[in-house]
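To start, the structure under review is shown below, and the notes come after it.
4 protein chains.
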Amino acid sequence: MDMAFLGELLTNVADRGRALIGMERFLGKGARPIDRLCEDLLSGKGEASGMALAQAVLEAWQRLDKPGRLAFFTVLMERFGPDAERLDAAVERYRETGDAAAVAALHLASEPRRQELFRRLNLAPEGTHVLVQMREALFEAMEAEPALKAVDADFRHLFGSWFNRGFLVLRRIDWRTPANVLEKIIRYEAVHEIQGWDDLRRRLEPPDRRCFAFFHPQLVDEPLIFVEVALTTAIPRSIGELLEPEREALPAQQATTAVFYSISNCQEGLRGISFGNFLIKQVAEDLKRELPGLDTFVTLSPLPGFARWLAAVAADPGALNLSNEERAELARPAGETISLEEAARAARDKLLGQMAAQYLLRARSASGRVVDPVARFHLGNGARLERINVGGNLSARGLRESHGVMVNYRYDLGDIETNHEAFATRNTVVASSQVRKLLRPVAN
Amino acid sequence: MDMAFLGELLTNVADRGRALIGMERFLGKGARPIDRLCEDLLSGKGEASGMALAQAVLEAWQRLDKPGRLAFFTVLMERFGPDAERLDAAVERYRETGDAAAVAALHLASEPRRQELFRRLNLAPEGTHVLVQMREALFEAMEAEPALKAVDADFRHLFGSWFNRGFLVLRRIDWRTPANVLEKIIRYEAVHEIQGWDDLRRRLEPPDRRCFAFFHPQLVDEPLIFVEVALTTAIPRSIGELLEPEREALPAQQATTAVFYSISNCQEGLRGISFGNFLIKQVAEDLKRELPGLDTFVTLSPLPGFARWLAAVAADPGALNLSNEERAELARPAGETISLEEAARAARDKLLGQMAAQYLLRARSASGRVVDPVARFHLGNGARLERINVGGNLSARGLRESHGVMVNYRYDLGDIETNHEAFATRNTVVASSQVRKLLRPVAN
Amino acid sequence: MDMAFLGELLTNVADRGRALIGMERFLGKGARPIDRLCEDLLSGKGEASGMALAQAVLEAWQRLDKPGRLAFFTVLMERFGPDAERLDAAVERYRETGDAAAVAALHLASEPRRQELFRRLNLAPEGTHVLVQMREALFEAMEAEPALKAVDADFRHLFGSWFNRGFLVLRRIDWRTPANVLEKIIRYEAVHEIQGWDDLRRRLEPPDRRCFAFFHPQLVDEPLIFVEVALTTAIPRSIGELLEPEREALPAQQATTAVFYSISNCQEGLRGISFGNFLIKQVAEDLKRELPGLDTFVTLSPLPGFARWLAAVAADPGALNLSNEERAELARPAGETISLEEAARAARDKLLGQMAAQYLLRARSASGRVVDPVARFHLGNGARLERINVGGNLSARGLRESHGVMVNYRYDLGDIETNHEAFATRNTVVASSQVRKLLRPVAN
Amino acid sequence: MDMAFLGELLTNVADRGRALIGMERFLGKGARPIDRLCEDLLSGKGEASGMALAQAVLEAWQRLDKPGRLAFFTVLMERFGPDAERLDAAVERYRETGDAAAVAALHLASEPRRQELFRRLNLAPEGTHVLVQMREALFEAMEAEPALKAVDADFRHLFGSWFNRGFLVLRRIDWRTPANVLEKIIRYEAVHEIQGWDDLRRRLEPPDRRCFAFFHPQLVDEPLIFVEVALTTAIPRSIGELLEPEREALPAQQATTAVFYSISNCQEGLRGISFGNFLIKQVAEDLKRELPGLDTFVTLSPLPGFARWLAAVAADPGALNLSNEERAELARPAGETISLEEAARAARDKLLGQMAAQYLLRARSASGRVVDPVARFHLGNGARLERINVGGNLSARGLRESHGVMVNYRYDLGDIETNHEAFATRNTVVASSQVRKLLRPVAN
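Just so you know, the sequences run in chain order A, B, C and D.
As numbered in our numbering, residues 1 to 444 make up the first sequence, in order.
As numbered in our numbering, residues 445 to 888 make up the second sequence, in order.
As numbered in our numbering, residues 889 to 1332 make up the third sequence, in order.
As numbered in our numbering, residues 1333 to 1776 make up the fourth sequence, in order.
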């Protein structure tokens, strides 16, 4: 393996934060406005002094306030699109000849100039990092000015190419990981909040816990997405049993089941660039290699849209053949039901399970999509719906969003492609028989 | 510094050469032809099983023979261009509205499908590497089928984005560098051939020698471009004094001058993606930081087109006010002149110097460009023409290509931008007075 | 630099925690008692199967309870000393011949067998680590059985050789350091307690803070000793100004003074093996190299024995020409004086300063040594006593131990040797004139 | 794994070659002779300025010529032994009391002062390296002055402790290893000479070749010992089949047999410090882990003493019941026999095989040891004698030293301890039945 050489190789990256010699020549002149700097960077000057100019632009940008950034993005939209004359000529030529050369010319002529601008801004030290921040700021600006989504299309195109899975690096996160990375894991965990360093350690250090993240070589301290994994001997029914602080750890060699219980994206500026798909499959493969005893790969996932959907059902007298009593029961706030007696609870739980199955298997949005976003993610990756766990998450948030219900999606490496196709082409939710059985018979 | 974390981070890259679990599902089916695999990869299947499909395509491609590759590229050209219907619709819409959204849609619709194909092929382990090889093979195919340059345009676009300077890593090459990298330095040195490991060591190990290369994190064992540097106390006049095996090494701290005496590109598949520009400036900055005593940064460069140009001049009776004797002298093969007597040699040398100045300062191609490619490179980078060294390279090749003349181009970090602009915008060759004085007075 | 190769080289160390093939051959037999295993390890068996036997001993040792460990150490003392017969013969021969060979033989014969035992135990994975723990346990056992110090002499001899400065590695500790190392910094800080991760970050991350530790290649996760440094523009008078959470950080380039404000040993099992001496000098050199603007290297140190000494002085009517009022003042608990009015406080502060100077410059123990252990450490390293800071540490501990007084010791790299000699050979405390002036005139 | 942190940790080692600030204070004074510097280093001065003093001594030593070094070693012998008075007192006290404290004091008093001197010399940058060179020079001096072996005893004692297996690192050597390490592999290969870089590559790069070396963290560029391994499907009979340049490589996964065909020590200065024992076993374990298909671990070894022994046998009329014809045959120079006809060759080969069995199983030196040093090494490690291969090495050296015979020793991890004990305690050579059968019946 050549990792040692690579290690040294990469030390230079870290170094690039240094002052560029001659930098002051650009900034010192003062007052060259940022749009002028951008034009320079795209001109021949950019060829001679690209790094320094790019750094000047990015530093100027970082000093802009919110209105300044909105103005900057507007300039990008209005003045850094394609060259109109050239584009018209290319369109004309395409209509005349329609040949391959004309197509190629048309593609080039229709490329907004800001794409090349972004590529040149990447010359600056930390350029990639600042460009990702820039897109994050763009999202904010887009709320005020939706037309800016034309600018975002270029960011998205570029980041899709730069953050191609082929350039990402999967890395285990553990208690030996640098603290500056770990604090980002604490900060970005979006599913089951991490309560400080002791809680973090409980998720990383025990032998039956794993955490993996994707990194990009240019963003060394910044995980892009990470997944937390518990190794168990059975598919878990609740998040509580996984996160219990006093539980006894399992020797990894004895585990049969890997549970992906939390997946979090870290970079708002990379929204829409999909990594999670690759992450789960890669981690599953790596774990299988390390621990051949593993034969089951599942998630323990929330149903973030369930409570909302259920409220609509409960409010609709004709829905799903529900009796009035059932609708009343479903309309009760989740918190209120904690103190139910056993029989009542069992009845309620049964009903919730039926509704969850209905929600996941049958519910469709106006555009015909499966309603639940987490379900769409895992089913789209080729997982199947394995089990519904009523009472899986009794935290305030779990009750509020999903009446405490959680779901296991199962990744069976041999079925992923078939499952994916069923879902992608026929909109079919592949589910285990135990889930399908929960469906109430449809009225006549 | 975070290099340690990075080091570990990158170990996973090296690992990616492993067999992908489930790979055989694709290859085992046998006989799915490569174009079918490519279509699958672009389809929803590619989303579910991208890595395995990409690997299947690349392995199938590597097994193709030369006609097979030509056929493959032809398929890429003919069937993986843009979707014609969609493109026509986008053109239509653009002509109707002309708004930003229409422009964006036009750009997307005109993007050949092979661009996304290439991005997905990059999912495979070693994908980047094989794609670079693929472009190399494409060059060969283009000789038979020039229309394939439409395919090359897409490679070039993608590689320009992926091999952006912001993603490259500068690394010193020395005698502690892994042997598998060093052997590539031996193989790729294009200017002054390296005669095996002992010669290599003479260029790397002495305290007054340096070598630097750019690497891409995905191509760890493959330098992209490298430069060899000699540290001296004066601007050198000949390559012989630099490469003399028995010379005494200079303590680096005593050096005042860094001489870039050889720059070599390593990856034919990255032809046209420019790195040299950045390399020289970055190395100059790094050396200045390490050795503050350095105040002069120059090249010692060949004039690869000089002999050819001179032959044309010598054959043209009216050219440059040359006398018949002079033209006869210039028509003599370089090798023949070795044994000239001193006075004759001095006269010849003077004449050669004048001609070289003429060649570099005044000669222009039909399209108006400076004739010499090496001159264009350095002048375009913002260097100035510092000195002409007659007798600088008396090797067979040096005599044959340039009558033994070599040139120093000087990189003065403070003047780079000005020099570049003079050259880029006014086609002016910035030269020292000593070079300009060599010019023969123009006839009347 | 060869660090990359080294990095890979060392990966194997980390690996050595793996199960040894064939291990069970030894442990499986069960019940071979630990002393028998030790004898085997020293015998020819140890040559054939040293690693496995060493691991068996160390694992058995780790399972021992406290009485078991006492028994084990007693066995080491009684049965693993030198071979008595061989020693007597060597003594006899020495008395007869007295030649170099006899001396060498005597040295060998007098070496306790446990020294070789310890060396062979080091063959086990993690051997060094467990041996350090073993010595820590020995300290506890020595409280019950002082004669065990004969065993400690062998540990100390061996560790002195193994943890020779030449084998240690100085490493900066910062916010990018692995969490498992950082938590040890929190745990081991012995001077100014670190209040959790946020406090730690305040000591590591700001640009005017540094922390360095010595490591041994065999104890990668275990700092041996570390020093915390503040970069300032003046010699500080109080720990409060350094640790103030809200203070504004200084750009490192502007610093003139490096303050070593805390030095902590981490490994109880390495007690008496001195590293602090080298650490301070090495860090001073490294900082000077990184930040040439630094010209002052000082500590901000406690006087841990001051309050005790002062209590004795205050209780002794004839001591130091003190008036009764002064003695009464000095007898007051430090905490009580917080609310003094300004004039009274000034008088008290002046008196405390005089007493501190007396304590450091003149006070000697029964054996004639300087009383304060921290003073002995820094003066023995060649520092000089620079300034006494009354009110330098108003924490409960600071008041209790030293009435709030702190001291700056100054490391002037040019005077270290002279200062050291004055202290080591003449017991002279080198001090600045401002400190010497604080001394009260001696009675008559 | 914590290797990343370690990697960074170790970068500081590489750095230690830097100039020590203040160094010139010692060397500048000029003319302080080396023995005086040594005394200073052992004195209190050494505590204050140990690193600088140690460096001064080592630099002075490196400038000494051969007579100077002899003089230096003589001083070490005569003036840096134990303190005579203190030793006599310790002997006296031991004879009086004989208690543990007296023993400990005796051991300390009998330790030559040069041991502490060596430990302090190790404070210098590169100290360990120079000390190893120093011992190498000592061997040369010992030829002139055998009494210096008293000095060597101290080197050996110290190196035995410092180069303890627990501190060594096993590392694979391959074609990605830094060139400066590889050139040492070429230089130090002692068994089957490596003919330059191409030959080296043939031994490192094919998938069925491995090379491993031990390193010490302080000697990063210096392998201590290395072993070359061939992966095969059968126990090889000749070195020729292994080193054949045109042979086809075997996929490593198909190998059943690992052949250790060359073991070379690299550091003459570490002579007598044994690593080979650990190296073979460790490599065997690591290979078994990587390639579970391996079930046979053997050497292909020379018999360096065979020809000499055989000559003596051939010259002794009564030896081994040999007929005169046989003795005549054995007396023939090995080279002469190349052209024998088949039957004669077969007869000769049979005789050589019998003699080799006799040599290995029965021949004993005057002191009763097995004669062949390579046999002693492997048998002492617990290997068994597996097969005798007549014609295994037909190189000039192989014919000259051992009439072309080679031997396989087999390492069966389950039998190592038993084999070792048989050899170590009963002097029994454990051999396969096929070897034992070669023995000629002893004349009653």
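No residue lacks a Cβ here, since even glycine has one placed at the ideal position from N, Cα and C.
I'd like to confirm the pairing. Which residues does DSSP put opposite residue i in its beta bridges?
i	result
D:E1448	Per DSSP, none; premise fails for D:E1448.
C:Y1297	C:L1273
C:S998	DSSP output for C:S998 lists no bridge partner at all.
B:S706	B:E672
D:T1757	For D:T1757, which the question treats as bridged, DSSP gives no partner whatsoever.
D:C1543	D:E1560
So, under 8 Å CB-CB, residue i and residue j are touching, yes? Tell me the CB distance rounded to an integer number of Å.
i	j	result
A:R156	A:G272	6 Å
C:V880	C:L1009	Chain C is shown from 889 up to 1332; residue 880 of chain C falls before or after that span and cannot be answered.
B:F659	B:V671	Actually they are not in contact, since the Cβ atoms of B:F659 and B:V671 sit about 13 Å apart, beyond 8 Å.
B:A696	B:D739	Not quite, the Cβ-Cβ distance comes to about 14 Å (not below 8 Å), so this is no contact.
A:V407	A:L385	7 Å
D:P1414	D:P1457	That pair is no contact at about 29 Å.
Closer than 8 Å, CB to CB, is residue i near chain G or not?
i	result
C:I1304	No chain G appears in the structure shown, which is made up of the protein chains A, B, C and D.
Of all the CB atoms in chain D, is at least one closer than 8 Å to the CB of residue i?
i	result
B:T869	no
C:Y982	yes
C:E999	yes
B:R808	no
State yes or no: is the beta carbon of residue i nearer than 8 Å to at least one beta carbon in chain A?
i	result
B:F741	no
B:M407	Given a span of 445 to 888 for chain B in the structure shown, any question on residue 407 of chain B remains unanswerable.
C:L1179	no
B:H636	no
C:L1070	yes
B:N837	no
Between which two residues does the alpha helix (DSSP H) containing residue i stretch?
i	result
B:A594	593-606
D:F1607	No alpha helix (DSSP H) contains D:F1607, which DSSP labels as neither H nor E.
D:L1514	1511-1520
Answer yes or no: does any C-beta atom of chain C fall closer than 8 Å to that of residue i?
i	result
D:P1549	yes
D:S1699	no
A:V435	no
Starting from residue i, find everything on chain A with Cβ-Cβ shorter than 7 Å and list it in chain order.
i	result
C:T1065	P178, A179
C:W1085	W197
Under 8 Å Cβ-Cβ, which residues of chain A neighbour residue i?
i	result
B:R776	Those within 8 Å of B:R776 in chain A number zero; the least Cβ separation is about 40 Å.
Name the chain D residues whose beta carbon is nearer than 9 Å to that of residue i?
i	result
C:H1266	Ordered by position in chain D, no residue passes the 9 Å Cβ test against C:H1266, which lies about 12 Å from the chain.
So residue i contacts chain D; which residues on that side make the cut at Cβ distance below 8 Å?
i	result
C:H995	P1414, H1439, S1442, E1443, P1444
At a Cβ threshold of 8 Å, is residue i touching chain B?
i	result
D:L1502	no
Determine the chain B residues that contact residue i at a beta-carbon separation under 7 Å, and present them in chain order.
i	result
A:F167	Q662
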